[in-house]
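Note sheet for the following structure.
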Amino acid sequence: MGLSEINNEDLDNEKLSLEKLFQCSDDFDSVVFNSGAGSGKTYALVKSLKYVITHNRENLKIHNQKIACITYTNVAAENIRQQLGASDVVEVSTIHERIWHIICDQKTALLSLHIEKLKREIAYIDNQLQNKSDFEKYRALDEESKEQFFEIMYANKREYNKAYNLRAAEFKTAMPQEIHLQFAGLISNVSKFKGLVDKLFKKKRYLDCMNNIESGKKGYREVTYDAMYNRDRLDKMRISHDTLLEYGYELVEKYPRMRQLIIDRYPYILIDEYQDTADIVVKIMNLLDKYAKKIHHELFIAYFGDSVQNIYDTGVGKKLNDLHSDLSSVSKIYNRRSYTEVINVANKVRNDEIIQKSIYSDSSGGSVKLYYGNAKNVNNFINKCAKKWKAQEETPLHCLFATNQMVAEYSGFLKVYEVFKNAEVYQGIGYKQLNSELLSHDTIHLGKAQALLYRLMKLYTEVREPKQPLRRIFTTNEYRNISFANLKALVSLLQSLDGNTLDDLLSVIFNQYSISEDKTYKFIIEKIFDMDEETSYDSVLKYFLTSLYKSWDEAIETKVVISDLLNIKVEELLNWFHYINRDEKKSICYHTFHSTKGLEYENVVIILGKDFGVDRGLFEIYFKSYGKADAGNSLKYEKGRNILYVAVTRTIKNLRILYIDNLEEIKNNIENVFGKAYEFSDNITDESF
DNA sequence: AGCAATTCTCTTTTT
DNA sequence: GAGAATTGCT
3 MGLSEINNED
13 LDNEKLSLEK
23 LFQCSDDFDS
33 VVFNSGAGSG
43 KTYALVKSLK
53 YVITHNRENL
63 KIHNQKIACI
73 TYTNVAAENI
83 RQQLGASDVV
93 EVSTIHERIW
103 HIICDQKTAL
113 LSLHIEKLKR
123 EIAYIDNQLQ
133 NKSDFEKYRA
143 LDEESKEQFF
153 EIMYANKREY
163 NKAYNLRAAE
173 FKTAMPQEIH
183 LQFAGLISNV
193 SKFKGLVDKL
203 FKKKRYLDCM
213 NNIESGKKGY
223 REVTYDAMYN
233 RDRLDKMRIS
243 HDTLLEYGYE
253 LVEKYPRMRQ
263 LIIDRYPYIL
273 IDEYQDTADI
283 VVKIMNLLDK
293 YAKKIHHELF
303 IAYFGDSVQN
313 IYDTGVGKKL
323 NDLHSDLSSV
333 SKIYNRRSYT
343 EVINVANKVR
353 NDEIIQKSIY
363 SDSSGGSVKL
373 YYGNAKNVNN
383 FINKCAKKWK
393 AQEETPLHCL
403 FATNQMVAEY
413 SGFLKVYEVF
423 KNAEVYQGIG
433 YKQLNSELLS
443 HDTIHLGKAQ
453 ALLYRLMKLY
463 TEVREPKQPL
473 RRIFTTNEYR
483 NISFANLKAL
493 VSLLQSLDGN
503 TLDDLLSVIF
513 NQYSISEDKT
523 YKFIIEKIFD
533 MDEETSYDSV
543 LKYFLTSLYK
553 SWDEAIETKV
563 VISDLLNIKV
573 EELLNWFHYI
583 NRDEKKSICY
593 HTFHSTKGLE
603 YENVVIILGK
613 DFGVDRGLFE
623 IYFKSYGKAD
633 AGNSLKYEKG
643 RNILYVAVTR
653 TIKNLRILYI
663 DNLEEIKNNI
673 ENVFGKAYEF
683 SDNITDESF
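Quick note on numbering: the first sequence equals residues 3 to 691 in the numbering used here.
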């Protein structure tokens, strides 16, 4: 069986670290609880919350005080709420939600911070215009010409934006004649030209905004935070995540009253997965802690996490102690997740002072083995592992890749990924949006075209569900007006809508739509496609075109421009749809290293190469500097190590790694970590594998 | 040839 | 939106 027996000594030891934590909260001694993967950090956090509640609830209630529990994601917040159960003295939320909740009433102070921010941004633009070499030719102009240049471009703003993504030569032709006649020097280099015009427009927007604030214009009287947007729109009085934290910090730093207000309200602040939270959050906590000490006010701040599991560049990671000094430290060495064989390798991957051991006395029986081969072995390798561990729906094999592209390829929707990757709106700066708008498991983040395809595939799968196919499509009211016979006919009509490619499917749907008399059918189709204009094949194509290729609008060319999209196989769209839904009714599941954080799987395969995307040689560098005295100072070493550590520690029992690049130079260190490296070839026998 | 401009090619994730 | 690779210009 395994992982079931615990001896009393270990259990007592584990309890000791928890009690140390409780003692810290009693003494208002701020603390960091560091422990590795699978050690039950969230469990310790929930226990601490319960301890504080049990001993202080009445007192907190009398003073109208709360315990603040701060998480990195909404999912984590919900998870903790579930484990904790309802409590009237605990507020569990993300840091953004908590900060906004605290500061949103300070309208006047926020407005003045906003004005300051606008001023700083304008000064920054001015500075670039005056110093950046890209703008030399602009600087050489006299004031009057600068003014005139701006006037011309501002009058042609619409044309400018429309032409923005065109190729350089076409972009130039799309710009007004006057520019070519009077400012030929500025437009000779298109990218510099765009940089300049963007900055001038931005400055104009910011100046207008400041005027509007000053005159108290409607819509300019308060700042809003919108969690849906990833970018500030300062000129629209809208801030995003980073600026929210920035404003929060500034308020706390500037106004003692603000610090007082927070520590009066929250004498206990517990932070989950601290390594992921932004530096500035820790700076806020440090200010609060120092202020509380100064005025002899009781405040307890506890950080729960593991600096080695910091895999996002924005997280504070091991800088915690630099930014928040004088923290006590509690650690825990027990692991409750994995078999000893896995724990030992994980210890070697992180190779620091935290050396875990299993809390179970029956913890041997797992296995870890590294093979080397090349990219074309991957499929065979995965299948060998699936066979070895009899992967099936109930105990699937989980395969971890570095990139979404690989996950898309192996999950069977590479074409979907490529079509969107190549779409015009995701070129240039939009590139970062691609993953969130195509691969978000939370459908609210899907892009416009993606959301439409999602609705379409939802209908497609729902009408094919064996039981009550239309249950989720209709509300009960809509059901009532249809006779059983009509309903049956409708279901079989919907089921008959099929095709090889997206284009085929759309054609069938709209063919039927144009000849059908069935009002309910029409209603369903209208609801799925949700067009502003009339619902038709052409308008859907136009919808795809305008959401993916902003600079195209000639109706004739539509089919050509989006032909790659239309040629996607329905089967691929289905695979994508299931991936989005985490509908893992498969014997083999694929994930990126990052997306598995916090999860655990019985059997794991990791496909590893020397690179991490654009971060060339990341994992190779990790192995090259492994064990060297100064390795800890190398950012690349740390980044590679952290990602690999997170990946490896997902495993409960069996782990296989396939290294698909040349390992000559790093073989020694690879073997130091993973033990003997075996060569993998496609004709390897099942027995020797 | 040498420099300037353009085009291509990239990672992960959350708020 | 940075950095490399390619094309274009003189």
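We put the beta carbon where it would ideally sit given N, CA and C, even for glycine. The model shown is predicted, which means the values in this text are computed figures rather than measured ones.
Exercise. Where DSSP assigns a beta bridge to Asn349, which residues make up the other side?
Worked result: As a first step, residue 349 must be located in the first sequence, where it is residue number 347. Note: Asn349 sits in no beta bridge, so no partner.
For this session: Evaluate Asn704 with the Cβ neighbour count: other Cβ atoms within 10 Å of its Cβ, from every protein chain shown; 16 or more gives buried, anything less gives exposed.
Result: No statement about residue 704 is possible, as the shown extent of the chain runs from 3 to 691 and does not include it.
Problem set entry | Test item: CB-CB of Tyr592 and Tyr412 under 7 angstroms | Locating residue 592 in the first sequence gives position 590, where the first residue counts as 1. Locating residue 412 in the first sequence gives position 410, where the first residue counts as 1. Against a cut-off of 7 angstroms, the Cβ pair of Tyr412 and Tyr592 comes out as a contact.
For this session: Could you name the residues of the same chain whose beta carbon sits closer than 7 angstroms to that of Val199, not counting the 5 residues immediately before and after it, in chain order?
Result: Numbered from 1 along the first sequence, position 197 holds the residue referred to as residue 199. Within the same chain, Val199 has close Cβ partners Met155, Tyr162.
Exercise. Considering Asn76, what are the terminal residues of the alpha helix (DSSP H) in which it resides?
Worked result: Indexing the first sequence from 1 puts residue 76 at position 74. Start and end: 76-86.
For this session: Kindly list the residues whose CB is nearer than 6 angstroms to the CB of Gly317, restricted to its own chain and excluding five residues on each side of it in sequence; keep chain order.
Result: Against the first sequence, residue 317 aligns to sequence position 315. Excluding residues within five positions, the ones whose Cβ falls inside 6 angstroms are Gln277, Asp278.
Exercise. For Ser577 versus Phe415, is the C-beta spacing smaller than 7 angstroms?
Worked result: For the purposes of this step, residue 577 is taken as residue 575 along the first sequence, with counting starting at 1. For the purposes of this step, residue 415 is taken as residue 413 along the first sequence, with counting starting at 1. The amino acid at residue 577 is misidentified as Ser; the sequence shows Asn. Less than 7 angstroms divides the Cβ of Asn577 from the Cβ of Phe415.
Exercise. According to DSSP, what are the bridge partners of Thr503?
Worked result: Taking the first residue of the first sequence as position 1, residue 503 is located at position 501. Answer by DSSP bridge pairing, in chain order: Lys571.
For this session: Look up Leu399 in the DSSP assignment and give the residues it is bridged to.
Result: Indexing the first sequence from 1 puts residue 399 at position 397. Bridge partners of Leu399: Ile590, Asn605.
For this session: Between the Cα of Lys238 and those of Tyr624, Ile104, Asp444, Lys220, spot the shortest distance and give me the residue it belongs to.
Result: For the purposes of this step, residue 238 is identified with residue 236 of the first sequence, where counting begins at 1. Nearest C-alpha to Lys238: Lys220.
Exercise. Taking the C-alpha atoms as reference points, what is the distance between Ser365 and Cys387?
Worked result: Reading the first sequence from its first residue, position 363 is the one you call residue 365. Reading the first sequence from its first residue, position 385 is the one you call residue 387. Approximately 22 angstroms, taken between the alpha carbons.
Exercise. What's the gap between the Cα of Val284 and the Cα of Asn671?
Worked result: As a first step, residue 284 is located in the first sequence; it is residue number 282 there, counting from the start. As a first step, residue 671 is located in the first sequence; it is residue number 669 there, counting from the start. Those two C-alpha atoms are separated by around 36 angstroms.
Exercise. Where in the stretch 332-394 do unbroken runs of the alpha helix (DSSP H), each at least 4 residues long, occur, reported from the N-terminal end onward?
Worked result: 342-352, 380-390
Problem set entry | Extent of the continuous beta strand (DSSP E) run through Phe302 | Position 300 of the first sequence, counted from the first residue, corresponds to residue 302. It spans 302-307 - the beta strand (DSSP E) in which Phe302 sits, taken as one unbroken run.
Problem set entry | Beta bridge counterpart(s) of Gly317 as assigned by DSSP | On the first sequence, residue 317 is found 315 positions in, with the first residue counted as 1. The partner list for Gly317 (beta bridge, DSSP) reads Ala280.
For this session: Could you tell me if Ser340 is buried or exposed, where buried requires 16 or more neighbouring beta carbons within 10 angstroms of its beta carbon?
Result: Against the first sequence, residue 340 aligns to sequence position 338. Label assigned to Ser340: buried.
Problem set entry | Every unbroken alpha helix (DSSP H) within the stretch 242-292, with a cutoff of 4 residues, ordered by chain | 243-256, 258-267
For this session: Please determine if the stretch 285-300 and the stretch 249-265 are in contact, where contact requires at least 3 C-beta pairs separated by less than 8 angstroms.
Result: At 8 angstroms Cβ cutoff, the stretches touch.
Exercise. Given 8 angstroms as the limit, is there contact between the stretch 88-96 and the stretch 49-59, that is, 3 or more CB pairs closer than that?
Worked result: yes
Exercise. Leaving out five residues before and five after Leu646 in sequence, what residues of the same chain have Cβ atoms less than 6 angstroms from its Cβ?
Worked result: In the first sequence, counting from the first residue as 1, residue 646 sits at position 644. Excluding residues within five positions, the ones whose Cβ falls inside 6 angstroms are Val351.
Exercise. Assuming Leu47 and Asp274 make a contact with CB atoms under 8 angstroms, what is their CB distance in whole Å?
Worked result: Looking up residue 47 in the first sequence gives position 45. Looking up residue 274 in the first sequence gives position 272. Leu47 to Asp274, Cβ: 6 angstroms. Contact.
Exercise. What's the call for Ala171, buried or exposed, on a 16-neighbour Cβ count within 10 Å?
Worked result: To locate residue 171, count along the first sequence from 1; it is residue 169. Exposed, by the Cβ-count rule.
Exercise. In this structure, what does DSSP give as the bridge partners for Asp237?
Worked result: Position 235 of the first sequence, counted from the start, is the residue given in the question as residue 237. DSSP, once it has assigned bridges, lists no residue as partnering Asp237.
Problem set entry | Buried or exposed by the 16-neighbour rule on C-beta atoms within 10 Å, applied to Gly367 | Here the question's residue 367 lines up with position 365 in the first sequence. Flag for Gly367 reads exposed.
Exercise. DSSP three-state call for Val92: helix, strand or coil?
Worked result: Translated into positions along the first sequence, residue 92 becomes position 90. Three-state DSSP puts Val92 in a strand.
For this session: For Ala487, count neighbouring Cβ atoms within 10 angstroms of its own Cβ and tell me buried if that reaches 16, exposed if not.
Result: The residue labelled residue 487 in the question sits at position 485 within the first sequence. Exposed, since its Cβ has fewer than 16 Cβ neighbours within 10 Å.
Exercise. Going by alpha carbons, who is nearest to Pro269 out of Pro398, Cys71, Gln452, Leu329?
Worked result: Sequence index remark: in the first sequence, residue 269 carries index 267 (1-based). Of Pro398, Cys71, Gln452, Leu329, the residue nearest in Cα terms is Cys71.
Exercise. Are there 16 or more other CB atoms within 10 angstroms of the CB of Arg122, so buried, or fewer, so exposed?
Worked result: The sequence position of residue 122 within the first sequence is 120, counting from 1. Answer is exposed; the Cβ neighbour count stays below 16.
Exercise. Helix or strand or just coil, what does DSSP make of Phe525?
Worked result: Position 523 of the first sequence holds residue 525. Of the three classes helix, strand and coil, the one that applies to Phe525 here is helix, per DSSP.
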